[in-house]
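Using my numbering, you'd call the opening residue of the sequence shown number 1 and step up by one each time. Where is the CB? At the ideal position from N, CA and C, for every residue including glycine. Treat the numbers as computed from the prediction; the structure is a model and nothing was measured. Notes for the one structure printed next.
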Amino acid sequence: MHTNCILVTGAAGYIGSHTCIELLEAGYHIISLDNLSNSHSIALQKVQEITGKTFPIIEGDIRDKELLDQLFNNYKIDAVMHFAGLKAVGESVENPLIYYDNNVKGTIELLQAMQRHHVKKLVFSSSATVYGIPKEVPIDETHPLNAINPYGQTKLIIERMLQDIAQADTESRIALLRYFNPIGAHESGKIGENPSGTPNNLMPYITQVAVGKRQELSIFGDDYETVDGTGIRDYIHVVDLAKGHVKALEYLSDYKGIEAFNLGTGKGHTVLELIQTFEKVTGKKIPYKITNRRPGDSAICYANTTKAQQTLHWKAQFNIDKMCQDSWHFQTNNPNGYE
Ligand code: NAD
Ligand code: UFG
Numbered sequence: 001m002h003t004n005c006i007l008v009t010g011a012a013g014y015i016g017s018h019t020c021i022e023l024l025e026a027g028y029h030i031i032s033l034d035n036l037s038n039s040h041s042i043a044l045q046k047v048q049e050i051t052g053k054t055f056p057i058i059e060g061d062i063r064d065k066e067l068l069d070q071l072f073n074n075y076k077i078d079a080v081m082h083f084a085g086l087k088a089v090g091e092s093v094e095n096p097l098i099y100y101d102n103n104v105k106g107t108i109e110l111l112q113a114m115q116r117h118h119v120k121k122l123v124f125s126s127s128a129t130v131y132g133i134p135k136e137v138p139i140d141e142t143h144p145l146n147a148i149n150p151y152g153q154t155k156l157i158i159e160r161m162l163q164d165i166a167q168a169d170t171e172s173r174i175a176l177l178r179y180f181n182p183i184g185a186h187e188s189g190k191i192g193e194n195p196s197g198t199p200n201n202l203m204p205y206i207t208q209v210a211v212g213k214r215q216e217l218s219i220f221g222d223d224y225e226t227v228d229g230t231g232i233r234d235y236i237h238v239v240d241l242a243k244g245h246v247k248a249l250e251y252l253s254d255y256k257g258i259e260a261f262n263l264g265t266g267k268g269h270t271v272l273e274l275i276q277t278f279e280k281v282t283g284k285k286i287p288y289k290i291t292n293r294r295p296g297d298s299a300i301c302y303a304n305t306t307k308a309q310q311t312l313h314w315k316a317q318f319n320i321d322k323m324c325q326d327s328w329h330f331q332t333n334n335p336n337g338y339e
């Protein structure tokens, strides 16, 4: 391939697949790389179906040095969007080494390959988890950083590594995108969040209760200092999030250095508000019980999004009604996921 293209790691995953669509629709050429450890290649076929565009689909691991060299030799890669990583907080507590190996070592391999092939542009999937338990809300990018579990540590270590790389190589162009709580799905209903096993996150749990796969939702605590006692989060439509990546890439074409950006809506919603909205837009009742707080959860977490608005010229467009609608549309179209 002689055209400049974007290497997308973790492309078959939830956020990666939605971002592939936005990149293709913005006219970029992409190469997808995924080891399918937490995803299905069908997601990438659907991306091709939705956009009417084809691209190389590489099944492989970011820790495979030879494969990376092959990709950087065979394609003219201008930038890397790096989604590949493991993301289950509980699993990372039980088995931290798997997380350090996959996320940190995997990223080091990728960065070394980029260095060998003189690729300087990187958009990295970070997380609001790097703020730890928020000291104040809304959280802006200057909020102190602190990891409270091994998953969070891997994101923080990678962020710090990238800061050092940007210091050492002034030609680097790096965006650290700190996502808040992505939910929703592409409006076609063809791709969406497709967790294997029991969902860890709220929205996929809700949709699985609604579709009859699970009996009831557990709400982790109703004694927080919030309007109704349940936790507050900044839910953001995954398509808005995906568009933020395209904006970040555009920004990096004129910017040398490293910058972190919060990608959220700036609005917080409680667990009960999300359930009520879901019930309103879908007409489905979500039975729930109140259980103990989940260890490590904060009461309130939402973003100050001024920096992304002013610097990236990006702002989330969709409200939680639309997020609930699209999550449900995907779930009803794919009651058993992609399989
Ligand atoms: P996901 O699990 O759906 O996608 C990650 C993809 O990476 C999967 O397709 C998986 O198979 C692939 N992958 C994992 N390890 C790999 C490796 N070593 N080599 C190649 N491919 C590999 O998760 P997602 O929700 O799409 O998240 C994407 C990124 O965003 C992750 O880095 C995650 O930590 C980060 N993030 C996600 C959230 C969220 O709530 N979903 C929040 C903040 C940050
Ligand atoms: N919750 C429930 N019941 C559930 C699941 C979640 O009540 O079955 C509650 C949680 O207590 C929290 C809210 O719903 O108040 C959202 O929980 P999620 O697990 O969906 O999301 P978190 O905010 O806990 O975590 C997410 C990502 C993490 C990331 C973090 C900060 O999953 O990877 O945002 O960015 F670290």
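query                                                                                                           : result
Bounding residues of the beta strand (DSSP E) (the contiguous stretch that carries Phe261)                      : Gly257 to Leu263
Straight-line Cα distance separating Asn4 from Ile31                                                            : 10 Å
Buried versus exposed, by CB contacts within 10 Å (16 or more), Asp164                                          : exposed
Between the CA atoms of Glu91 and Ile290 - distance to the nearest angstrom                                     : 23 Å
Residue from Leu263, Ala316, Ile191 and Ala308 whose Cα sits closest to the Cα of Pro335                        : Ile191
Sequence-ordered residues whose beta carbon comes within less than 7 Å of a heavy atom of the ligand UFG        : Lys87, Val89, Ser127, Ala128, Thr129, Tyr151, Gly152, Tyr179, Phe180, Asn181, Asn200, Asn201, Leu202, Met203, Tyr205, Leu217, Ser218, Ile219, Phe220, Gly221, Thr230, Gly231, Arg233, Val271, Arg294, Asp297 and Cys301
Backbone CA spacing between Val340 and Ile286 [nearest angstrom]                                                : Outside the modelled stretch of the chain, which goes from 1 to 339, sits residue 340, for which no answer is possible.
DSSP three-state assignment for Asp222, whether helix, strand or coil                                           : coil
Contiguous alpha helix (DSSP H) assignments of at least 4 residues, all confined to the segment 161-239         : 202-210
Cβ-based burial, Arg160 [other Cβ within 10 Å; buried from 16]                                                  : exposed
Separation of Ser126 from Leu177, as counted between CA atoms                                                   : 5 Å
Beta strand (DSSP E) segment containing Ala43, residue limits                                                   : Run containing Ala43: none in the beta strand (DSSP E); it sits in the alpha helix (DSSP H), Ile42 to Thr51.
Span of the alpha helix (DSSP H) around Thr282                                                                  : Val271 to Thr282
Residue nearest to Gln276 in terms of C-alpha spacing, selected from Tyr288, Asn38, Arg173 and Gly266           : Tyr288
Ser39: first and last residue of the uninterrupted beta strand (DSSP E) it sits in                              : Neither: Ser39 is in no beta strand (DSSP E) and is coded neither H nor E.
Beta-carbon gap between Leu272 and Ala308 smaller than 9 Å                                                      : no
Nearest neighbour of Gln239, chosen from Gly10, Thr9, Tyr14 and Ile42 [CA to CA]                                : Per the sequence shown, residue 239 should be read as Val rather than Gln. The residue with the shortest Cα to Cα distance from Val239 is Tyr14.
Of the residues Met323, Asn304 and Phe124, the one placed nearest Lys155, counting alpha carbons only           : Phe124
Straight-line Cα distance separating Gln215 from Leu312                                                         : 42 Å
One or two residues paired with Thr291 in a DSSP bridge                                                         : Phe220
Boundaries of the beta strand (DSSP E) in which Asn334 is found, first to last residue                          : Segment: none, Asn334 is in no beta strand (DSSP E) and carries neither H nor E.
Other residues of its chain near Thr226: CB distance less than 7 Å, five sequence neighbours each side excluded : Ile232, Thr270, Ala299 and Ile300
N-terminal and C-terminal residue of the beta strand (DSSP E) that Thr9 is part of                              : Asn4 to Thr9
First and last residue of the uninterrupted beta strand (DSSP E) at Ile139                                      : Premise fails: Ile139 is in no beta strand (DSSP E) and is neither H nor E.
Status (buried if at least 16 other CB within 10 Å, exposed otherwise) for Pro295                               : exposed
Proximity test, Ser92 beta-carbon vs the ligand NAD heavy atom, cut-off 8 Å                                     : no
Beta-carbon proximity of Ala185 to Ser39, cut-off 9 Å                                                           : no
Residue from Ile58, Gly189, Ile158 and Gly266 with nearest C-alpha to Val137                                    : Gly266
DSSP state of Leu67 mapped onto helix, strand, coil                                                             : helix
Stretch-stretch touch, CB-based, cutoff 8 Å, three pairs: the segment 64-74 with the segment 108-120            : yes
Every unbroken alpha helix (DSSP H) within the segment 59-109, with a cutoff of 4 residues, ordered by chain    : 65-74, 89-94 and 96-99
Assigned exposure category for Ala316 - 16 Cβ within 10 Å defines buried                                        : buried
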